[in-house]
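>
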Amino acid sequence: MNADGRTRLNQTPEWAALAKHREQWGETGLRELFAARPERATDYTVQVGDLYIDYSKHLVTDETLTLLRDLAAATGVEALRDAMFRGERINTTEDRSVLHAALRAPRDAVIESDGENVVPGVHAVLDRMGDFSDRIRSGAWTGHTGRPIRNVVNIGIGGSDLGPAMAYEVLRSFTARDLDLRFVSNVDGADLHEAVRDLDPAETLFVIASKTFTTIETITNATSARDWLLTGLGAGQEAVAKHFVALSTNAEKVTEFGIDTANMFEFWDWVGGRYSYDSAIGLSLMIAIGREQFREMLDGFHLVDEHFRTAPAEQNAPLLLGLLGIWYGNFFDAQSHAVLPYSHYLSKFTAYLQQLDMESNGKSVDREGNPVDWQTGPVVWGTPGTNGQHAYYQLIHQGTKLIPADFIGFAEPVGDLQPGLVAQHDLLMANFFAQTQALAFGKTPDEVRAEGVPEELVPHKSFRGNHPTTTVLARALTPSVLGQLIALYEHKVFVQGAVWDIDSFDQWGVELGKVLAKRVEPALTEGADVPGLDPSSRALVAKYRALRGR
Ligand code: F6P
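Residues in the sequence shown are numbered consecutively from 3, following the numbering used here.
1) Whose CA, out of Gly-417, His-245, Gly-422, Glu-240, lies closest to the CA of Trp-143?
2) Let me know if Ser-362 comes out buried or exposed under the rule of 16 or more other beta-carbons within 10 Å of its beta-carbon.
3) Report, in whole angstroms, the separation of the C-beta atoms of Gln-377 and Gly-331, which I expect to be a contact under 8 Å.
4) Counting Cβ pairs closer than 8 Å, one from the segment 385-393 and one from the segment 425-441, do we hit at least three?
5) Under the assumption that Leu-348 contacts Val-172 (Cβ atoms under 8 Å), give the Cβ distance between them as a whole number of angstroms.
6) Within a Cβ cutoff of 8 Å, which residues of the same chain sit near Pro-461, ignoring the five residues on either side of it in sequence?
7) Please confirm whether any heavy atom of ligand 1 lies closer than 6 Å to the CB of Gly-379.
8) From this set, Arg-24, Ala-37, Glu-268, Ser-58, which residue's C-alpha is nearest Val-474's C-alpha?
9) Give the single residue among Phe-176, Asp-271, Ala-167 whose Cα lies nearest to the Cα of Phe-185.
10) Can you grab the Cα-Cα spacing for the pair Ala-489 / Leu-549, in whole Å?
11) Just checking Thr-95 against ligand 2 - is the residue's beta carbon closer than 6 Å to any of the ligand's heavy atoms?
12) Roughly how many angstroms lie between the CA atoms of Ala-313 and Arg-88, to the nearest whole one?
13) If we count the other Cβ atoms within 10 Å of its Cβ and call it buried at 16 or more, is Val-79 buried or exposed?
14) Excluding five sequence neighbours on each side, which residues of the same chain lie with their C-beta closer than 7 Å to the C-beta of Gly-384?
15) Whole angstroms are fine: how far does the CA of Val-198 sit from the CA of Ala-227?
16) Cβ atoms of Asp-503 and Leu-11: under 7 Å apart, would you say?
17) Secondary structure at Leu-207, three-state DSSP: helix, strand or coil?
18) In chain order, which alpha helix (DSSP H) runs of at least 4 residues are fully inside the segment 357-413?
19) Hey, is Ser-362 close to ligand 1, as in C-beta under 6 Å from one of its heavy atoms?
20) Give the C-beta separation of Pro-150 and Glu-205 to the nearest angstrom, bearing in mind that I take them to be a contact with Cβ-Cβ under 8 Å.
21) With hydrogens ignored, establish whether the beta-carbon of Thr-263 is closer than 6 Å to any heavy atom of ligand 1.
22) Pull up the distance between the alpha-carbon of Tyr-344 and that of Thr-438, whole angstroms please.
23) By the three-class DSSP mapping on this structure, what secondary structure does Ile-157 have?
24) So does Ala-255 have its beta carbon nearer than 6 Å to some heavy atom of ligand 1?
25) Taking the alpha carbon of Pro-320 as the point to measure from, which residue in Gly-292, Asp-301, Trp-272, Val-497 has its own alpha carbon closest?
26) Quick check on the burial criterion: 16 or more other C-beta atoms within 10 angstroms. Buried or exposed for Gly-236?
27) Pull up the CB-CB distance for Arg-540 and Gly-529, whole angstroms please, since I reckon it's below 8 Å.
28) Just list the alpha helix (DSSP H) runs in the segment 76-136, keeping only unbroken ones of 4 residues or longer that don't cross its boundaries, in chain order.
29) In chain order, what residues of the same chain have a beta carbon less than 6 Å from the beta carbon of Ser-135, not counting five sequence neighbours either side?
30) By how many angstroms is the C-alpha of Ala-253 removed from the C-alpha of Ala-442?
31) Taking His-339 as part of the beta strand (DSSP E), name the residues at either end of that continuous run.
32) Specify, as a first and last residue, the run of the alpha helix (DSSP H) that Thr-233 falls within.
33) Sorry if obvious, but does the Cβ on Ile-218 come closer than 6 Å to a heavy atom of ligand 1?
34) Is it the case that the CB of Ser-226 approaches a heavy atom of ligand 1 more closely than 6 Å?
35) Rounded to whole angstroms, what is the Cα-Cα separation between Val-416 and Gln-426?
36) Just to confirm, are Asp-72 and Glu-25 a CB contact at a threshold of 7 Å?
Here it is as structure tokens:
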């Protein structure tokens, strides 16, 4: 029992019912499930906006789905969702509201935090971002020497990098091709070096993206970028105003860095870093795709927000996907979840989802601080599918692990591809459909034998199948569809955190490393004694200093 009187997750009758169902499930496979009910191919689908979501190739029946929904009801998923949309401080360990849905709400919506409607403020910043993007895109905004900006370098890390960097890749064919966007995140000097080495400082804008404006990697890179710019221009501090803008919640630190707050685009502490790319953090993306297409993307997010908020449980896609993950993670002991897009443009999509999911649900205490004795967030991984087929799919098909996977594909390619390349799209998608079929239904030893395969090779050439997949299919990967996809995953992560009774919106786990790094640095540079440094790390620091000739 929790202190507030709620029964702990794994002591609820709904949990027990699922555990029993799992026991009775035994080895029931997808061949049997489809033989018993071929209509599951269409029954187990849901349409959300442009996304057609097929979950028929999952190890579930109507009974499983009912039991999972019962668990969601018993754990108060809907109540927590409604509290989030009402602006309640559901991020309890940081005492904050969680209102990323307000970032994409239409102008006339009312969403409150602490009794104040936050939507007008959101739109005021979007309008300023739009005006600024227009001026960069048209060449009206000029650098210190009067030349138009042609290169935009976003400096940020984590949520202040992954979102815009991912979305810029996704939407490349919607971007102004005469502008070059680059993203610098790593404090390894090589990152900034490679990003700027062929750029002309007179035509370069740095967008310093940091919610807190205290993140050491970002501030260090921003300082080095300022040195590079001023040296390159042969100018003093006065050149900064034309070449640096800040995206942050912290006006004081922005001013301290030397960026005028007139060149700052703000957001708010109710926007978590990993939920922020549709806030001011998206400025570089907006410069690339323009304010109208940025709005289309926000409308895509909003469509799925509304679906999540209002759709009944049976058709609620984020709820469903979240619960399927719980079925495998908590009752089949699956440790990871693969996201496999069949689109070159989605090459950074899974990396983005890693922060979204793993920073949100990589927790081992519940909201009251008690250790959880159930599995929480999975390891999320994957790269574009066709490349993966020639790398790690072997393990998914024939290894010993159960790895649920999402397959994301599109009916039409985007961009002005030459006709031959358009034709390649069918081959890409043939792989997409073939893989989920092979994963689900495998190949029995008898089928292998019937092909005349010698008996000693039969075990090697058999596929056991029953690898569960979700297929997400849309007509094309447009800005709106990208927004829909991201919101789908955001809310899926929300559902899982709600069931697991964890705070999905804090990230204390990244703090310890940051604190230790600050303590270790003087040991590397000055040979300072770091009290409390363990013997292994002390020996490694000594080796490092020797290798550097110190
Ligand atoms: O990695 C920890 C983290 O706090 C993330 O949550 C965040 O997205 C990232 O650092 C960057 O933080 P900031 O935007 O404040 O620089």
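Ideal Cβ placement from N, Cα and C applies to all residues, glycine included.
Source: prediction; values computed, not measured.
Quick look at the numbers:
1) His-245
2) buried
3) 5 Å
4) yes
5) 6 Å
6) Pro-447
7) no
8) Ser-58
9) Ala-167
10) 48 Å
11) This structure does not include ligand 2; its bound ligands are ligand 1.
12) 17 Å
13) buried
14) Ala-340, Val-341, Leu-342, Thr-352, Gly-390
15) 9 Å
16) yes
17) strand
18) 387-391, 395-400
19) no
20) 7 Å
21) no
22) 12 Å
23) strand
24) Inspection of the sequence shows that residue 255 is occupied by Lys rather than by Ala. Not under cutoff, so the answer is no.
25) Val-497
26) exposed
27) The Cβ separation is near 11 Å, so there is no contact.
28) 79-87
29) Met-288, Ile-289, Arg-293
30) 53 Å
31) 338-343
32) 218-235
33) no
34) no
35) 13 Å
36) no
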